[in-house]
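**Student:** Counting from 101, one number per residue, gives the positions in the sequence shown under our numbering. Here it is, the structure in full.
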Amino acid sequence: MMREEYQISTASPQKLRFLMVDDDQEDAYLIEKLLVDSLGESNFQLDVAVTCEDFFNKLKPGKYDLYLLDYRMDVSSGLDLLKILKKNNCEEPVIVLTGQGNQNTVVEALRLGATDYVVKSNLTAETLNHSIQRGLRLYRDTQQGKLMQNRLALQKSLLAGLSEATSCLLRSADHKSGITHALEVMAKACPADAAALIEKSPLVESNQGKWSLSSLWASPNENNTDKAISETLLNIGSYPKLHSYINDFEKGLERDAVFQNGIFGFSKNVLVPVRVHDRFWGFIIFGTNQENFLWNEELKSTLKTFSVSLGWELKRDREGQALQELVQQTSGETGDAFFEALVVHLAKALEVRTAYVCEIVESGLSYSQPLKGWDGSKIVGGSSFDLINTPAEEILCGMYSYYPERTKTLFPHLSYLQETNIEGFAAVPFYDTSGKLMGHISIMSENPLTDSERVLSILRLFGARAGAELERQKSESKIRNMAYYDSLTGLPNRVLLNDRMDVALRQARRNKDMVAILYLDFDHFKNINDTYGHLSGDLFLKEGARRLEACLRKGDTVSRLGGDEFVIVLPEIKEVRDIARLALKINGTVKPPFMLEGTEIKTSVSVGISIFPKDGDTSKTLLQKADKALFFSKNAGRDSFHFADSE
101 MMREEYQIST ASPQKLRFLM VDDDQEDAYL IEKLLVDSLG ESNFQLDVAV
151 TCEDFFNKLK PGKYDLYLLD YRMDVSSGLD LLKILKKNNC EEPVIVLTGQ
201 GNQNTVVEAL RLGATDYVVK SNLTAETLNH SIQRGLRLYR DTQQGKLMQN
251 RLALQKSLLA GLSEATSCLL RSADHKSGIT HALEVMAKAC PADAAALIEK
301 SPLVESNQGK WSLSSLWASP NENNTDKAIS ETLLNIGSYP KLHSYINDFE
351 KGLERDAVFQ NGIFGFSKNV LVPVRVHDRF WGFIIFGTNQ ENFLWNEELK
401 STLKTFSVSL GWELKRDREG QALQELVQQT SGETGDAFFE ALVVHLAKAL
451 EVRTAYVCEI VESGLSYSQP LKGWDGSKIV GGSSFDLINT PAEEILCGMY
501 SYYPERTKTL FPHLSYLQET NIEGFAAVPF YDTSGKLMGH ISIMSENPLT
551 DSERVLSILR LFGARAGAEL ERQKSESKIR NMAYYDSLTG LPNRVLLNDR
601 MDVALRQARR NKDMVAILYL DFDHFKNIND TYGHLSGDLF LKEGARRLEA
651 CLRKGDTVSR LGGDEFVIVL PEIKEVRDIA RLALKINGTV KPPFMLEGTE
701 IKTSVSVGIS IFPKDGDTSK TLLQKADKAL FFSKNAGRDS FHFADSE
């Protein structure tokens with residue numbers, strides 16, 4: 101992510117709110133003056149507490165954006181107050197003010213959770229502003245990370261509900277109880293107080309008696325839900341809006357879930373049409389009286405996906421033992437085990453030679469990558485292939501593909517169809533909850549396919565389950581990636597860097613090697629951001645990261661800590677001159693002009709270097725030494741590297 105500052109608009113009523121605890125009035129006045137010089141008087145509000153009692157009186161959750169704590173006071177210390185803040189789950193940044201830069205004080209403050217420390221005697225408006233901006237930026241990034249985690253958790257919860265509900269439909273031995281349980285799971289995931297399946301009678305044309313309550317789940321507090329629903333269905337003409345929705349469902353004019361107030365005995369209702377083979381079978385009702393019920397696109401999409409699964413369950417009730425075995429073998433599995441069970445038992449249930457579940461490859465929109473396959477005797481994989489000019493080409497348009505016979509004749513250029521004597525082929529797409537095409541399930545048979553409705557219904561049912569499982573895997577992968585990699589450059593972040601450093605140091609101790617830590621940043625990067633804008637700054641950092649990676653050996657690590665700060669870990673170093681040679685190589689790689697959106701940008705790097713074991717035997721010490729050496733490189737005129745032992 102690009103380095104940026106919190107610029108507060110003077111037109112905005114929102115001010116940064118600071119609480120400073122300092123019993124020295126002169127120091128407090130100095131800090132306030134520096135804040136005015138760095139932020140502007142109208143852009144912040146500073147409250148000052150001179151005693152611990154005053155501090156406790158002012159302390160309220162969420163009241164302040166940042167805390168400034170004096171390390172040494174007459175009655176207490178800033179570290180004591182810092183402990184209190186952290187004990188009260190304070191997440192806002194805390195800057196400790198010290199009279200002099202004592203290393204032990206610094207380490208203790210950071211250990212207790214301080215964002216930064218500053219020495220009053222060396223304090224300037226610029227350094228104070230930098231410390232504040234850094235603290236606010238770290239806080240913002242942390243909160244954004246938590247927000248993303250919460251959003252992913254919500255999505256994961258909905259996907260888990262969808263997956264569990266689908267599993268209920270698949271594994272239940274009793275058709276009706278399976279639907280009721282699935283309705284319960286989805287109702288609780290929404291959350292709703294009741295869920296019901298309303299089925300259409302194919303023998304009744306008039307609205308009177310046309311609809312029947314097929315399955316119902318209601319929370320213990322809802323005692324008369326079945327009566328309220330049945331009465332509404334009997335008098336459906338008295339509810340014009342509901343009547344209109346159902347007519348649109350029936351005619352295919354409305355295929356999405358819709359929201360309506362005040363029917364079926366609930367203040368809020370969601371109606372979801374159920375269609376099978378484009379035939380309208382009925383609709384699902386989710387009813388609630390909860391004030392905080394949130395109707396949004398994610399819920400709408402999830403319920404629509406659920407309705408697809410439920411629709412195919414209605415169809416599945418007419419299928420035999422082979423399909424039941426398929427259900428039992430896959431309902432309790434996840435990950436690779438699920439996909440393996442799926443292809444094996446899908447082929448067995450449909451009595452075909454092969455079955456595949458494939459993912460659409462992002463980098464080539466017409467390419468598909470097999471996740472798992474069954475060739476009639478064993479589990480197989482396979483390389484990606486182009487769907488164009490194959491029986492599965494319709495998948496790219498979101499349509500199913502069905503060739504009941506003569507497949508090998510219709511596609512004579514595909515040798516594998518000829519070699520395996522394939523007559524019948526069928527495939528259906530599956531999607532994520534946003535409706536994006538994710539992949540497809542396909543089968544191939546040596547014999548003609550004779551029951552298109554059954555084949556396609558089973559493929560659609562398990563396609564929805566495969567899509568939910570694949571999306572769950574991708575969500576988990578995304579969460580893991582966020583935890584260990586920088587979102588802008590894709591490089592390892594600080595967490596993964598620390599792990600790589602620890603591994604390198606353990607190996608070095610065992611093999612008596614050296615490990616080099618290179619702490620570097622791009623010279624005058626702030627000018628690039630200010631001159632060309634943050635978008636160009638981001639593009640610059642991406643290209644810079646790529647160039648740094650190109651300099652390294654296999655086994656080396658380059659990590660982005662934030663802004664334009666990067667750290668390189670070089671294990672298995674035999675000679676110090678090899679480190680210097682690499683530092684020169686890095687600068688030589690960086691110096692050629694960067695071409696960013698037609699703009700030529702030139703820069704260089706400053707590098708600080710520490711070496712294990714000479715400069716320290718812990719990751720923390722080596723990073724500190726390299727950072728300090730970087731400071732000397734900058735003071736020496738930049739465009740250079742500096743070893744820690746030559747400071």
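Just so you know, even glycine gets a beta-carbon here, dropped at the ideal spot from N, CA and C.
Taking C-alpha atoms, which residue in 252, 159, 329, 704 lies nearest to residue 573?
**Tutor:** That would be 252, whose Cα lies nearest to the Cα of residue 573.
**Student:** Between which two residues does the beta strand (DSSP E) containing residue 726 stretch?
**Tutor:** Segment 719–735 is the alpha helix (DSSP H) holding residue 726; no beta strand (DSSP E) there.
**Student:** What number of angstroms, rounded off, separates the C-alpha of residue 441 from the C-alpha of residue 430?
**Tutor:** Cα to Cα, residue 441 sits roughly 6 Å from residue 430.
**Student:** How many angstroms separate the CA atom of residue 554 from the CA atom of residue 417?
**Tutor:** Spanning the two alpha carbons is a distance of roughly 11 Å.
**Student:** In the structure shown, what three-state DSSP assignment does residue 713 receive?
**Tutor:** Coil at residue 713, not helix or strand.
**Student:** Taking the DSSP output, what are the residues bridged to residue 311?
**Tutor:** Looking at the DSSP assignment, residue 311 forms a beta bridge with 300.
**Student:** Can you give me the C-alpha to C-alpha distance between residue 164 and residue 116, rounded to a whole angstrom?
**Tutor:** Taking the straight line joining both Cα atoms gives about 8 Å.
**Student:** List the endpoints of the continuous beta strand (DSSP E) containing residue 149.
**Tutor:** Per DSSP, residue 149 belongs to the beta strand (DSSP E) from 144–149.
**Student:** Distance check for residue 526 and residue 770, CA to CA, integer angstroms please.
**Tutor:** The first residue shown for the chain is 101 and the last is 747, placing residue 770 beyond what the model contains.
**Student:** Cβ of residue 180 within 8 Å of Cβ of residue 121?
**Tutor:** No, the Cβ-Cβ distance between residue 180 and residue 121 is not below 8 Å.
**Student:** According to the Cβ coordinates, are residue 458 and residue 563 closer than 8 Å?
**Tutor:** No.
**Student:** CB residue 594 to CB residue 659, shorter than 8 Å?
**Tutor:** Closer than 8 Å, so yes.
**Student:** With 16 other CB atoms within 10 Å as the buried threshold, where does residue 518 fall?
**Tutor:** Exposed is the call here.
**Student:** With which residues is residue 388 paired in a DSSP beta bridge?
**Tutor:** Residue 388 pairs with 368.
**Student:** On the CB-based measure, 16 or more other CB atoms within 10 Å of its CB, does residue 736 come out buried or exposed?
**Tutor:** Exposed is the call here.
**Student:** Could you tell me which residues DSSP puts in a beta bridge with residue 670?
**Tutor:** 616, per the DSSP bridge assignment.
**Student:** So, at 8 Å on beta carbons, what are the nonlocal neighbours of residue 361 in its own chain, with the 5 sequence-adjacent residues on each side left out?
**Tutor:** Cβ within range, chain order: 367, 368, 369.
**Student:** Do the stretch 466–475 and the stretch 442–456 make contact, defined as three or more Cβ pairs closer than 8 Å?
**Tutor:** Yes: at least three Cβ pairs fall under 8 Å.
**Student:** If I measure Cβ to Cβ from residue 511 and keep anything under 8 Å in the same chain, skipping five residues before and after, which residues do I get?
**Tutor:** Closer than 8 Å at the Cβ level, and outside the excluded window around residue 511, lie 489, 490, 491, 517.
**Student:** Leaving out the 5 sequence neighbours to the left and right, which residues in its chain are closer than 7 Å to residue 216 when beta-carbon positions are compared?
**Tutor:** Result list for residue 216: 195, 231, 234, 235, in chain order.
**Student:** Which runs of the alpha helix (DSSP H) at least 4 residues long sit entirely within the stretch 541–593? Give them in chain order.
**Tutor:** Correct list: 552–584.
**Student:** Quick one: any contact between the stretch 288–298 and the stretch 382–391, if contact means 3 or more CB pairs under 8 Å?
**Tutor:** Counting Cβ pairs under 8 Å, three or more are found: they touch.
**Student:** Report the start-end ranges of each beta strand (DSSP E) in the stretch 452–534 that is 3 residues or longer and not cut off at the edges.
**Tutor:** For the stretch 452–534, whole beta strand (DSSP E) runs of length 3 or above, ordered along the chain, are 454–460, 467–474, 501–503, 524–531.
**Student:** Sort out for me which residues DSSP pairs residue 294 with in a bridge.
**Tutor:** According to DSSP, which records beta bridges pairwise, residue 294 is partnered with 318, 387.
**Student:** Ignore the nearest five residues each way along the sequence and tell me which others in residue 600's own chain have a CB closer than 6 Å to its CB.
**Tutor:** If we look at residue 600 and ignore the five residues flanking it on each side, its Cβ neighbours are 657, 669.
**Student:** Do you know offhand how far residue 287's Cα is from residue 548's?
**Tutor:** Cα-Cα distance, rounded: 42 Å.
**Student:** Give a yes or no on whether the minimum CB-CB distance between residue 559 and chain C is below 8 Å.
**Tutor:** In summary, chain C is missing from the structure at hand, where a single protein chain is found.
**Student:** Take residue 302 and list the residues in its own chain whose beta-carbon comes closer than 7 Å to its own, dropping the five residues that flank it on each side.
**Tutor:** Only weak support exists for where residue 302 lies, its pLDDT of 49 falling under 50; the value from the coordinates is given anyway. The answer is none, since no qualifying residue turns up.
**Student:** On the DSSP bridge list, what partners appear for residue 170?
**Tutor:** Answer by DSSP bridge pairing, in chain order: 197.
**Student:** Span of the alpha helix (DSSP H) holding residue 344?
**Tutor:** Note, residue 344: alpha helix (DSSP H), 340–351.
**Student:** Using C-beta distances below 6 Å, list every residue in its chain close to residue 229, excluding the 5 sequence neighbours before and after it, in chain order.
**Tutor:** Closer than 6 Å at the Cβ level, and outside the excluded window around residue 229, lie 138.
**Student:** Tell me, please, which residues DSSP counts as bridged to residue 117.
**Tutor:** Per DSSP, 145.
**Student:** Might you give, ordered along the chain, the residues of its own chain that have their beta carbon closer than 6 Å to the beta carbon of residue 636, omitting 5 neighbours on each side?
**Tutor:** Result list for residue 636: 696, in chain order.
**Student:** What does a CB cutoff of less than 6 Å around residue 639 pick up in its chain, not counting 5 residues either side in sequence?
**Tutor:** Excluding residues within five positions, the ones whose Cβ falls inside 6 Å are 696.
**Student:** Below 8 Å on the Cβ atoms is my guess for residue 261 versus residue 269; work out the distance and round it to an integer in Å.
**Tutor:** With 8 Å as the limit, residue 261 and residue 269 do not qualify as a contact, their Cβ atoms being about 13 Å apart.
**Student:** Using a Cβ distance threshold of 8 Å, determine whether the stretch 665–682 contacts the stretch 611–622, with at least three qualifying pairs required.
**Tutor:** Contact holds: three or more Cβ-Cβ distances are below 8 Å.
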